[in-house]
Every structure is written in structure tokens, then in C-alpha cells.
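Using this note's numbering, the first residue of the sequence shown is number 2, and each one after it goes up by one.
C-beta: ideal position from N, C-alpha, C; glycine also.
Here the structure comes first, spelled out in C-alpha cells, and everything after it is commentary.
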Amino acid sequence: MNKLMNFDEIEEDFSDLEMRISEIGKEFRERLEKMQPKESSLQYWDQLVKDWADDKSLPLYIRKFNENYSRGKEVIHNSGRIIIPCDNGVAHWGFSMCFNSIEPSLQEIKRLVDSDRVPIAMVLKKKEREQAKYFRTKHDIDDPNKKGWKVSHKVPIGLKSKDPLEEIDIELLKSHFRKFVNPNNMFLFPKKYSGLAEIEEIIDSFKSRSAA
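Here it is, written out as C-alpha cells:
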């Protein structure tokens, strides 16, 4: 009988492959340079998102949703700040605005929010629509996905908390929002090769600028 292999006994060095993957990432970055927003718009949105996060009169869009926190629902945080659960639609909207050099003021952002112009979902389910205050979907914007592009984040944006949204530290939510919505923390990648955009070495190639 052949001896069973213990996974701990498997030794393999993939460092050479990691270097090759990094080189592929750099080549993608160089070829996609023209598919990134203008530097002036990136700088504008960097400050805009920071100011937005600090403006208590504006809601924070948070990429965390479930049956208790459906997309488009208005949640009142313990601090009094309005929280709106959503999917990646808001990030795609922000990137598209920046890519097209659209630079709204905070007052214009407020009008867009109040008039339900910020997409909070790809599609809202029937039950979600019953609880939602906001209904705009990604189908209503110039969505990069429709043109064959994936919008990826450079720095992970996941909320590492299982606490109710109302109880998560507001500074943690603001940090999540800044990384989630800031186009400086995003890059376009061909949807055909979207799996590559999840690999650390590929992401690192696009990290010359990110959001804190």
C-alpha cells in the first residue's frame, strides 16, 4: 500500500512563479494606464471622499448587506449618522464619475443622494424594495461592467466586524467608506481575465496610489 501523503510534507517553492505573475501585473498596468482616470480628477475625488466621510449631513454607503440590512435601506447609526447598505454599485458609480472627469461639490452630492441618483445595487429583490428608501440600480449609470471591465479595489475594503451596523465604531465605517468609494483605491481590469485581478501580485502592481 502506498504511503498516504501528509499535506505538511509537501514542499514546493513558487517564488519564481510569483515573480512572473508580478511581471504580468506590471505589463497589465502599463497597457491599462490610459484606462485610468485623469490625475486631476483622482486628486479631486480623493479630497471629495474624505470631506464626504467627515460631513455628518451625508450618508455613508457601506458594502455590507443581508436580510437585516437590505440594500437601499436607511439605517440610523448610534452616532446619528445615516448608513446605507449597498453592493459595489456605489464604487462603480464613483469610478465612472471620476473617469469621466465629473467633479461634483458636496452640495451636488447631497442633491444626487436626495434625488436617488446614486446606485445602491445591481438589482433589488422584491423584499429589498419593500424596505428600501433608495432604489437606483447600476443599470442606470455608465457601468464599466457593461463595457467588459472589472472595477477592482487595491486595498481590501471588507468590514471585519460581525456587530450590527448601528454599533460598529463610526470611525471604522468612515474608513471603510473612504476605501470603498474613493477611485484612487480602484483600477480597471479586463473582465475576461477578472480572476487575475484577485491575485495579490497583480493587485500590488496597481498600488502606486490607494486610499486610506
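With 8 Å set as the bound, which would you pick, yes or no: does the beta-carbon of W53 sit closer than that to a beta-carbon of chain B?
Structure shown: chain B not included; a single protein chain is present.
Using the Cα positions of L18 and I204, report the straight-line distance between them to the nearest angstrom.
So the two alpha carbons sit approximately 16 Å from each other.
When you compare the CB positions of S23 and S206, do they come within less than 8 Å of one another, or not?
Cβ distance < 8 Å, so S23 and S206 count as in contact.
What's the gap between the Cα of A54 and the Cα of Y62?
Approximately 10 Å, taken between the alpha carbons.
If I measure Cβ to Cβ from W46 and keep anything under 6 Å in the same chain, skipping five residues before and after, which residues do I get?
Contacts found: C99 and P184.
Tell me the DSSP secondary structure of P38 in three-state form.
Coil at P38, not helix or strand.
Cα-Cα, which of H154, E28 and D143 is closest to N101?
The shortest Cα separation from N101 among H154, E28 and D143 belongs to D143.
Just checking my contact of E167 with N79 at CB under 8 Å: how many whole Å lie between their CB atoms?
Contact holds; Cβ gap of about 5 Å.
Would you decide whether P60 is buried or exposed? Buried here means 16 or more other CB atoms lie within 10 Å of its CB.
The residue is buried, with at least 16 neighbouring Cβ atoms inside 10 Å.
Provide the residue(s) that pair with K151 in DSSP beta bridges, ordered along the chain.
DSSP, once it has assigned bridges, lists F190 as partnering K151.
Can you tell which of N7, D9, M20 and E13 has its C-alpha closest to the C-alpha of E201?
That would be M20, whose Cα lies nearest to the Cα of E201.
Considering only DSSP beta bridges, list what P86 is partnered with.
Paired residues: I63.
Going by Cα to Cα distance, which pick from S176, A133, E104 and K139 is closest to S41?
Among S176, A133, E104 and K139, the Cα nearest to that of S41 is on E104.
According to the Cβ coordinates, are R72 and I121 closer than 8 Å?
Cβ atoms of R72 and I121: closer than 8 Å.
Let me know if L173 comes out buried or exposed under the rule of 16 or more other beta-carbons within 10 Å of its beta-carbon.
That one is exposed.
Just mark Y135 as buried or exposed, buried being the case when its beta carbon has 16 or more other beta carbons within 10 Å.
The residue is buried, with at least 16 neighbouring Cβ atoms inside 10 Å.
Rounding to the nearest angstrom, what Cα-Cα distance links W94 and H177 in this structure?
Approximately 16 Å, taken between the alpha carbons.
What residue ranges within the stretch 97-136 form continuous alpha helix (DSSP H) runs of no fewer than 4 residues, ordered along the chain?
You should have 107-115 and 127-132.
Could you pull out every residue in the same chain whose Cβ sits closer than 8 Å to the Cβ of V76, ignoring the five residues on either side in sequence?
Here the set comprises Y70, I83, I84, I85, P86, L166 and E167.
What are the start and end residues of the alpha helix (DSSP H) that includes L1?
Residue numbering for the chain in the displayed model covers 2 to 213; residue 1 lies beyond these limits and cannot be assessed.
Would you mind working out which of N67, V182, D56 and V124 sits nearest E111, comparing C-alpha positions?
Residue identity differs from the one stated: residue 111 is Lys in this sequence, not Glu. The shortest Cα separation from K111 among N67, V182, D56 and V124 belongs to D56.
Can you tell me where the alpha helix (DSSP H) with R72 in it begins and where it stops?
Neither: R72 is in no alpha helix (DSSP H) and is coded neither H nor E.
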